[in-house]
Each structure stands twice: as structure tokens, then as C-alpha cells.
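Remarks on the structure that follows.
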Amino acid sequence: MIQYDVDIFYVMLYAGVTFVAAAACCYTLFRRGNAFAPDIISSIRLRRWVAAFFAVMVLSHGWWFQLEFFRQYPDSLAYLAIAVGLDGATLIITVAGILLSMLQDRRRSLLPVILSLLPLLVGLAVCIIRHDETFLTISITYFQWLVLASLLYFVYHVRQYSYWLRDNYADLEHKEVWKSLLVLTIFFLFFGIYGNNVSHIAYAYWVQVNDLILIALLLWRVETLQQLEPIPQEEAVSIDTQTASEAALTIPSGIGTQLKELCEDTQLYLRHDITLDELSKAIGTNRTYLSTYFALEGISYNAYINRLRIQHFVKLYRERKKQKQQFTALELANESGFRSYATFGLAFKRFMGQTVTSWMKEDS
14 MIQYDVDIFY VMLYAGVTFV AAAACCYTLF RRGNAFAPDI ISSIRLRRWV
64 AAFFAVMVLS HGWWFQLEFF RQYPDSLAYL AIAVGLDGAT LIITVAGILL
114 SMLQDRRRSL LPVILSLLPL LVGLAVCIIR HDETFLTISI TYFQWLVLAS
164 LLYFVYHVRQ YSYWLRDNYA DLEHKEVWKS LLVLTIFFLF FGIYGNNVSH
214 IAYAYWVQVN DLILIALLLW RVETLQQLEP IPQEEAVSID TQTASEAALT
264 IPSGIGTQLK ELCEDTQLYL RHDITLDELS KAIGTNRTYL STYFALEGIS
314 YNAYINRLRI QHFVKLYRER KKQKQQFTAL ELANESGFRS YATFGLAFKR
364 FMGQTVTSWM KEDS
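Under my numbering, the residue at position 162 of the sequence shown is numbered 175, and the numbers go up by one with no gaps.
Printed below as a string of C-alpha cells:
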């Protein structure tokens with residue numbers, strides 16, 4: 014069991030982290046808009062899960078405070094097993110809720126996560142009944158492997174989610190979840206050090222510092238991740254389950270011509286945040302057919318729009334250069350439909366095979 018001699022600075026830090034977690038819980042739960050990123054509409058579902066995690070963090074600090082600083086319990090092993098069980102039942106569920114709510118393409122069930130906790134709770138119950146610390150060690154080890162398996166599961170779904178984003182959105186600012194892999198890293202550190210029964214006070218300090226980092230990171234993620242509309246299940250498209258010829262028969266002819274006339278010729282691709290759904294309505298088809306068309310062409314919706322934007326940038330660049338006008342690459346990128354220069358730079362290198370600076374030097 015972890016026990017520390019009373020360290021006033023550690024107690025102050027412990028109390029401070031508890032207060033910060035409580036304040037963060039109230040902020041995410043009751044604040045209707047974003048204070049740090051007011052132009053972003055956050056996911057209500059994500060805010061509630063993050064608030065629940067902060068609430069659990071406060072409660073967890075409460076029962077671990079009793080264990081660390083008050084040692085008069087006649088059965089400290091049973092109390093420790095109960096504390097571990099409470100952490101497992103609350104933290105794992107809220108963490109899974111946070112991670113899965115970041116993926117906004119569809120709702121994912123938490124039932125597998127809940128069922129995976131049963132061996133942990135059974136092991137802790139046996140520990141209490143038989144008063145055998147071996148079962149506590151086994152349960153904590155299982156807990157850590159469960160966390161690792163959950164993170165690998167999330168990494169897989171992040172990859173699938175990235176495909177979905179590129180199939181439905183032209184602008185990925187505040188939508189990408191690869192930054193959430195940073196959240197994954199912090200979560201892994203948080204739970205990785207959880208089961209290490211280290212009695213050194215430095216370990217206790219590190220746990221509290223890690224909590225503060227986690228709080229800040231989750232607040233940043235809540236405020237910077239744009240709320241998206243999931244695709245109804247009946248409209249989901251999967252080309253993997255059918256041959257290309259079968260898929261081609263399901264879509265009406267003329268979509269390529271419609272895209273040329275109603276998107277490319279009208280420069281509809283310059284509109285910020287234009288989605289697959291909006292484009293499909295503009296050309297008179299539906300999202301399913303248009304998504305299938307792009308899949309058959311071997312490109313994503315994001316690649317199609319950004320290719321047109323890069324071509325527009327190249328055209329503007331050469332026109333302005335010919336007219337000997339003063340301009341910057343940033344100005345042309347904005348005129349070409351890009352909100353972010355960083356996004357433009359990545360798209361340019363993907364389609365042109367070199368950086369903007371290198372291309373401009375060669376084109377001079």
C-alpha cells in the first residue's frame with residue numbers, strides 16, 4: 014500500500030489539484046460556450062464525458078486521501094482493493110467515453126468496455142474475501158493491460174475516423190483527432206504509473222503533476238474539437254463489400270459532368286468548410302452516390318476539393334506574377350479556399366511533390 018509521511022507541500026499540491034479538477038468539472042458542465050476558442054462549437058457529448066472524468070478525479074482524490082493520510086483502518090488491504098475497484102469502474106468508463114466521443118462519425122457502444130471490467134472487479138472481490146494481496150496484484154496488472162488494449166483499440170478507430178473525415182470534409186481544421194493521440198499518451202502515463210506501488214514521495218508528486226497536465230490537455234481538446242454531424246447508418250457507404258462494377262451500377266451517370274459544371278466551373282470549391290453533403294445537394298445528387306463516385310475514382314472528397322484549390326492557387330500565382338502585383342503565398346492560399354496556411358502547405362506538398370517555397374523558386 015502507498016503511504017507517505019505528511020509533507021505539507023504535497024498536501025497543498027494534492028488539495029490544489031482536487032480544486033482545479035472540481036473547477037474544470039463545473040466549467041465543462043455548465044459553461045455553454047467556449048471561453049478559450051469562442052468560434053468553435055464543441056460537442057456537448059464530449060463536454061459531459063470530460064466533466065464526468067473531472068468529477069471522478071475529485072472523488073478519487075477523496076478516497077485516496079483517506080488511504081494515504083489516515084492509517085487507522087483495521088483492514089487496509091480491503092480498503093485499498095475497494096479504492097482500486099472504484100477507480101477501475103469509474104475512470105476506465107469515463108476515459109473510454111471521452112475517447113469514443115471524440116470520434117463523431119457514429120455512436121460506439123461502451124458495453125464492451127463495461128464487460129471488460131468484470132474480471133477486475135471479480136479479482137478485487139476475491140482479494141477482499143480471502144484477504145490475499147496476490148489477487149490485488151493480479152487485478153492491478155490486468156487493469157494496466159486493459160488500459161493498453163483500450164488505447165490500441167482507440168488508435169485503430171482513429172485511423173478509420175481519419176478516412177471518414179477525408180471522405181466528408183474539405184477543411185479538417187478543428188476536426189482532426191490525430192492530436193488526440195497526445196491525449197492517449199497522457200492517459201497511458203496516467204494509468205501506467207497508477208499501478209506502480211512506489212513509496213517514494215517523488216512518485217506522489219509526479220502523479221499530481223500528471224493530473225494537472227491531463228486536466229489542461231482535456232480542456233484544450235474540448236475547446237478545439239468542432240462538433241460534427243454523424244452520417245446516418247442507412248447512408249453509410251462501403252465499397253469494400255462490393256466490386257467496382259457493382260458499385261458503378263448503383264450510382265447515376267453524369268456525376269462527373271455535374272461536378273465539372275456545378276463545382277469546378279462555378280468555383281464552389283473555394284467555399285470554406287464545404288462538406289460532402291453540401292456539395293452533393295449543390296450538384297443535384299445525394300451523399301451516398303457522390304461518396305461512391307469518389308471511391309470508384311480512387312480519391313477522397315478532401316483530396317478532390319484540395320486538388321482544385323491547389324490548381325486555383327497555381328493559376329492565381331502565375332496571373333499575379335505576370336501582372337507584377339505584390340502578393341504573399343498566404344494571401345493566395347486564403348483566396349484559394351484554405352483557412353490555414355499549415356493545411357495549405359501540407360496539401361500543396363501532397364499534390365505538387367514539393368514545398369510551396371521550393372515550387373515558387375523553380376517557377377520564377
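Glycine residues also receive a C-beta, built at the ideal position from the N, C-alpha and C atoms.
These figures come from a predicted structure and were not determined experimentally.
Contact annotation: Ile228 and Val30 have beta-carbon atoms nearer than 9 Å. Within the same chain, Cβ atoms closer than 7 Å to the Cβ of Gly297 are found at Gln271, the five residues on either side in sequence being excluded. DSSP places Ser55 in the strand class (E or B) of the three-state scheme.
The shortest CA-to-CA distance from Leu90 to any of Ser56, Cys140 and Val108 is the one to Cys140. Note that the segment 130 to 150 touches the segment 89 to 105; at least 3 beta-carbon pairs, one per stretch, sit closer than 8 Å.
Per the C-alpha coordinates, the member of Val69, Ala138, Ala64 and Thr341 positioned closest to Tyr92 is Ala138. The continuous alpha helix (DSSP H) containing Glu332 extends over residues Tyr314 to Lys335.
Within its own chain, the residues whose Cβ lies closer than 6 Å to the Cβ of Phe167, once the five positions on either side in sequence are excluded, are Leu112, listed in chain order. Around Leu26, the same chain offers Gln221 as residues with beta carbons nearer than 6 Å, after the five sequence neighbours per side are excluded. The three-state secondary structure of Gln79, taken from DSSP, is helix.
Rounded to whole angstroms, the Cβ separation of Arg352 and Asp184 is 6 Å, and the two are in contact under 8 Å. The beta-bridge partner set that DSSP reports for Gln239 consists of Ser55.
In the structure shown, Thr341 adopts coil according to DSSP, grouped into three states. As computed with DSSP, Thr288 is found in a beta bridge with Tyr182. If you look at Ser371, you'll find it in the alpha helix (DSSP H) that goes Val369 to Asp376. Distances from the alpha-carbon of Ile127 to those of Thr368, Phe156 and Arg143 put Phe156 closest.
Assignment of Gln280 by DSSP, reduced to helix, strand and coil, places it in the coil class. Residue state for Met365 is assigned as helix, using DSSP reduced to three classes.
If you draw a straight line from the Cα of Gly269 to the Cα of Ser55, it comes to about 35 Å.
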